[in-house]
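Novice:
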Amino acid sequence: MASSGSRMVRHSLRMMAGTFLSRILGLVREILVAAFFGASGHLDAFLVAYTLANLSRRLLAEGALSAAFVPVFSQSLERDGAEKARKLVRQTFTVLLVAAGLLVVLGIAFAPWLVTILAPGFSAENARQAVSLTRTMFPFMLFISVAALAMGVLNSMGCFFVPAFAPAVSNGVFILLVLILAPKMGIKSLALAVLVGGAAQCALQWCWTKKYGMPLTPALPDADNEELKKVLKLFFPYAAGLSINQLIPVLSRVLGSFLQEGSISVLNYADRILQLPLGLFVVAISQAILPLLARQLLVSEDAYRRGIEDALRFAMFIVLPVTAGLVIFSDEIVHLLFVRGAFGEWAWHATS
């Protein structure tokens, strides 16, 4: 018990170190966006477009793909050896490429309808801008889906820092491009920065899977591959369940589109602050514990149950005090982070 608990804490701390760097740069990214664009109709249009492209990250990179793939891959690696596990990785990669590529094509083709559904209250100008930005950013879905699979492979191989750090590379690229391009390109610079940042995040993790002997290269899916079937069977229920969780951000975009310009921006800034402890602690713990739990399940149900209990205690010990601090000092936190440049007093009070 002590060994599994200390291993879980050690893996979580490694992920938190990488995630911390990523979240700090993510915070710098939001501060930069707030300074350039404040709470405005242009930023509202970008956020609607980004929500459409980013739903894949919420469902894949931080949810369904990891939950479905990691346990199956970890058990295959432990039970059947590296060769069979590598076969599972390559075939899963092929299925993912085809599915994500198809979604990208459909997303670009049906962008006007998607924007109408997500932001029915937009003015004609904001809707046109959102459609254009959506089409620019939708390939982000392909990059981030591949990055999600690479993260699952690396976590299962015991590599936790690189997948947690990879979003920091994306955020760093985003910050650099916005600083260079925003004065000339305006809101379009954000869409380009998202796309290039996603490609950088994907490339880093792809290279690392090769280093660990599990390269993401396509292989024709085998209809008799039971592990692949198991991943697909697990993925769809997980994705359906996580889709329900995404109703809140989707509804915030729908309702915000009927309010004054900047309302979607304000809701996004507030959500970013609230997501900081979630992304730093809870996601890091859950992703670090998945491979360990998969192996413990092979040992006994008691070991599996103790692993879950250790993870819950560790998460509550950290998250509860942080949440209380966000509630008590909301005004001060928002002012410190965002009030500069185009981010005015109305945006400050509305966000806090």
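Position 102 of the sequence shown, counted from 1, bears residue number 102 in the numbering used here, the numbering being contiguous throughout.
Don't be surprised by glycine CBs; every beta carbon is placed ideally from N, CA and C.
1) Can you give the Cα-Cα distance for I244 and L234, rounded to whole angstroms?
2) Just to confirm, is the Cβ distance from S66 to G152 under 8 Å?
3) I'd like to check one pair, V95 with S156: are the Cβ atoms closer than 8 Å?
4) Return the CA-CA distance between F329 and P321, expressed in angstroms with no decimal places.
5) Hey, is F258 close to the ligand GDP, as in C-beta under 7 Å from one of its heavy atoms?
6) Give the straight-line distance between the Cα atoms of Y50 and L103, rounded to the nearest whole angstrom.
7) Three Cβ pairs or more, each shorter than 8 Å: is that satisfied between the stretch 198–207 and the stretch 165–181?
8) By Cβ distance, which residues of its chain are closer than 6 Å to Y238, with the 5 residues on each side in sequence left out?
9) For I144, report the span of its alpha helix (DSSP H) as first-last.
10) Suppose the cutoff is 6 Å on Cβ atoms and the five residues either side in sequence are ignored; what does the same chain contact list for A127 look like?
11) Quick one: is Q129 buried, meaning 16 or more other Cβ sit within 10 Å of its Cβ, or exposed?
12) Are there 16 or more other CB atoms within 10 angstroms of the CB of L177, so buried, or fewer, so exposed?
13) Tell me where the alpha helix (DSSP H) around E332 begins and ends.
14) By the three-class DSSP mapping on this structure, what secondary structure does R125 have?
15) Sort W346, I117, N268, I108 by Cα distance to L27 and report the nearest one.
16) Classify G353 as helix, strand or coil using the three-state DSSP reduction.
17) Is the Cβ-Cβ distance between I264 and D44 less than 8 Å?
18) Nearest-angstrom Cα distance between V266 and L297?
19) For P163, name the three-state secondary structure that DSSP assigns.
20) Assuming D222 contacts Q75 under a Cβ cut-off of 8 Å, what Cβ separation, rounded to an integer in Å, is found between them?
21) I need the DSSP call for D44, collapsed to helix, strand or coil.
22) Taking A193 and F174 to be in contact with their CB atoms under 8 Å, please state how far apart those CB atoms are, rounded to whole angstroms.
23) In its own chain, which residues sit with a C-beta less than 6 Å from the C-beta of F41, not counting the 5 before and 5 after it?
24) In terms of residue numbering, what span does the alpha helix (DSSP H) encompassing E345 cover?
25) Can you tell me where the alpha helix (DSSP H) with P71 in it begins and where it stops?
26) How many angstroms separate the CA atom of A219 from the CA atom of L97?
27) Hey, quick one: how far does the alpha helix (DSSP H) through N268 stretch, first residue to last?
28) Considering only C-alpha positions, which residue in the set S352, F122, G18 is nearest to D331?
29) Taking C-alpha atoms, which residue in G241, L25, V327 lies nearest to L274?
30) Would you kindly report the start and end of the unbroken alpha helix (DSSP H) that includes S243?
31) Is it buried or exposed, A240, if we count other Cβ atoms within 10 angstroms and call 16 or more buried?
32) My output table needs one value for S132: the three-state DSSP class, helix, strand or coil.
33) Identify whether D222 lies in helix, strand or coil by the three-state DSSP scheme.
34) Just checking my contact of Y304 with L312 at CB under 8 Å: how many whole Å lie between their CB atoms?
Specialist: Taking the definition as stated:
1) Residue mapping note: residue 244 aligns to position 244 of the sequence shown, counting from 1. Residue mapping note: residue 234 aligns to position 234 of the sequence shown, counting from 1. Distance between the alpha carbons of I244 and L234 is about 16 Å.
2) Here residue 66 refers to the residue found at position 66 of the sequence shown. Here residue 152 refers to the residue found at position 152 of the sequence shown. A contact, by the Cβ cut-off of 8 Å.
3) The residue you call residue 156 lines up with position 156 of the sequence shown. The residue you call residue 95 lines up with position 95 of the sequence shown. Not a contact, by the Cβ cut-off of 8 Å.
4) Taking the first residue of the sequence shown as 1, we reach residue 329 at position 329. Taking the first residue of the sequence shown as 1, we reach residue 321 at position 321. Straight-line Cα distance between these residues: approximately 12 Å.
5) Although the ligand GDP was asked about, the structure shown includes no ligands whatsoever.
6) For the purposes of this step, residue 50 is taken as the residue at position 50 of the sequence shown. For the purposes of this step, residue 103 is taken as the residue at position 103 of the sequence shown. Distance between Y50 and L103, taken at the CA atoms: about 15 Å.
7) yes
8) Here residue 238 refers to the residue found at position 238 of the sequence shown. Hits under 6 Å: A64, A67, A68.
9) The residue you call residue 144 lines up with position 144 of the sequence shown. Run containing I144: 140–156, per the alpha helix (DSSP H) assignment.
10) To locate residue 127, count along the sequence shown from 1; it is residue 127. V115, listed in sequence order.
11) As a position in the sequence shown, residue 129 is number 129, starting the count at 1. Per the 10 Å Cβ criterion, buried.
12) Along the sequence shown, read from residue 1 onward, the residue named residue 177 stands at position 177. Classification of L177: buried, given that the 10 Å Cβ count is 16 or more.
13) One-based indexing of the sequence shown puts residue 332 at position 332. Per DSSP, the continuous alpha helix (DSSP H) segment holding E332 begins and ends at 330–338.
14) What you label residue 125 is simply residue 125 of the sequence shown in a count that begins at 1. With the sequence shown as reference, residue 125 is identified as Glu, and Arg is not the correct amino acid for it. The answer is helix: DSSP assigns E125 an H, G or I state.
15) Counting from 1 along the sequence shown, the entry for residue 27 is found at position 27. Nearest option by C-alpha distance: N268.
16) Look at the range of the chain in this structure, 1 to 352, and you will see that residue 353 is not part of it.
17) Your numbering for residue 264 matches position 264 in the sequence shown. Your numbering for residue 44 matches position 44 in the sequence shown. The Cβ-Cβ distance between I264 and D44 falls below 8 Å.
18) Taking the first residue of the sequence shown as 1, we reach residue 266 at position 266. Taking the first residue of the sequence shown as 1, we reach residue 297 at position 297. A straight line joining the alpha-carbon of V266 with that of L297 spans about 44 Å.
19) Residue mapping note: residue 163 aligns to position 163 of the sequence shown, counting from 1. Correct three-state label for P163: helix.
20) Counting from 1 along the sequence shown, the entry for residue 222 is found at position 222. Counting from 1 along the sequence shown, the entry for residue 75 is found at position 75. 18 Å between Cβ atoms; not a contact.
21) Locating residue 44 in the sequence shown gives position 44, counting from the first residue. In this structure, D44 counts as helix in the three-state DSSP scheme.
22) Translated into positions along the sequence shown, residue 193 becomes position 193. Translated into positions along the sequence shown, residue 174 becomes position 174. Contact holds; Cβ gap of about 4 Å.
23) For the purposes of this step, residue 41 is taken as residue 41 along the sequence shown, with counting starting at 1. According to the sequence shown, residue 41 is Gly rather than Phe. Excluding five sequence positions before and after G41, the CB atoms of its chain that fall closer than 6 Å to its own CB belong to N126, E261, given in chain order.
24) Counting from one through the sequence shown, the residue named residue 345 turns up at place 345. E345 -> alpha helix (DSSP H) spans 345–351.
25) On the sequence shown, position 71 is the one that residue 71 refers to. It spans 64–80 - the alpha helix (DSSP H) in which P71 sits, taken as one unbroken run.
26) Taking the first residue of the sequence shown as 1, we reach residue 219 at position 219. Taking the first residue of the sequence shown as 1, we reach residue 97 at position 97. A direct Cα-Cα distance of roughly 11 Å separates A219 from L97.
27) Working through the sequence shown from its first residue, we reach residue 268 at position 268. Run containing N268: 263–277, per the alpha helix (DSSP H) assignment.
28) Residue 331 sits at position 331 when you count from the first residue of the sequence shown. With distances taken between Cα atoms, D331 lies closest to S352.
29) Reading the sequence shown from its first residue, position 274 is the one you call residue 274. That would be V327, whose Cα lies nearest to the Cα of L274.
30) Translated into positions along the sequence shown, residue 243 becomes position 243. Looking at the DSSP string, the run of the alpha helix (DSSP H) that includes S243 is 226–245.
31) Taking the first residue of the sequence shown as 1, we reach residue 240 at position 240. By the 10 Å Cβ count, A240 comes out exposed.
32) In the sequence shown, the residue the question calls residue 132 occupies position 132. Reduced to three states, the DSSP call for S132 is helix.
33) Counting from one through the sequence shown, the residue named residue 222 turns up at place 222. D222 falls in the coil class under three-state DSSP.
34) Locating residue 304 in the sequence shown gives position 304, counting from the first residue. Locating residue 312 in the sequence shown gives position 312, counting from the first residue. Not confirmed; about 13 Å, so no contact.
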